[in-house]
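Visitor: Residues 888 to 1022, numbered by our numbering, are exactly what the sequence shown covers, in order.
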Amino acid sequence: MLIGRLGQDPELKYTQSGIAVVSFSVATGLKWKDQEGNWQEKTEWHNCKAWRGLAETISNYLKKGSKVYVEGRLETSNWEDENKKKHYKTEIVIDEMIMLDSKGDNTGGGNGGNYSSTKPAGKPASTTTDDDLPF
């Protein structure tokens, strides 16, 4: 379970059999005061993907900067490049998504709807600008 903001617009693709899959990243942050009393900040990036109807909902209604709650499971894939070097990628496969931006706040989240891979889509989202992003 994560709450964060999208780092870029979701990228929607279709498999050869016509199944929708969307990829996007979510930023989560932590702020704290160090021993000297100065504010420190750390941002973590999480690779996410979703399938089928949920993928299309995310692609249609979320944009860069949208605040979102996502729930899912971790999935790690691995592959070798042409130099036989092994690479790994861990993604969150999203099962549930809730848009957390309220209507009309211009952060791209839409109506604050709750969506899962089995629920229908909601209303369109508003747009966001880079100036609205906290990172």
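Think of the CB as a built atom: it goes at the ideal place given N, C-alpha and C, for glycine as much as any other residue.
Three-state secondary structure (DSSP) at Gly891?
Guide: Reduced to three states, the DSSP call for Gly891 is strand.
Visitor: Give the straight-line distance between the Cα atoms of Lys918 and Thr930, rounded to the nearest whole angstrom.
Guide: Using only the alpha carbons, I get a separation of about 9 Å.
Visitor: Going by C-alpha to C-alpha distance, which of Ile981, Gly891, Gly924, Gln895 sits closest to Leu961?
Guide: Among Ile981, Gly891, Gly924, Gln895, the Cα nearest to that of Leu961 belongs to Ile981.
Visitor: Would you decide whether Thr977 is buried or exposed? Buried here means 16 or more other CB atoms lie within 10 Å of its CB.
Guide: By the 10 Å Cβ count, Thr977 comes out exposed.
Visitor: Mind listing, in chain order, the continuous beta strand (DSSP E) runs of no fewer than 3 residues lying wholly within the stretch 963 to 987?
Guide: Listed in chain order, they are 973 to 986.
Visitor: Taking the CB atoms as reference points, tell me whether Val908 and Gly891 lie closer together than 8 Å.
Guide: Not closer than 8 Å, so no.
Visitor: Alpha carbons only, please: which of Ile985, Gln922, Trp932 is nearest the one belonging to Thr944?
Guide: Of the listed residues, the one whose Cα sits closest to Thr944 is Ile985.
Visitor: Over the uninterrupted alpha helix (DSSP H) stretch that includes Leu949, give me the two end residues.
Guide: Neither: Leu949 is in no alpha helix (DSSP H) and is coded neither H nor E.
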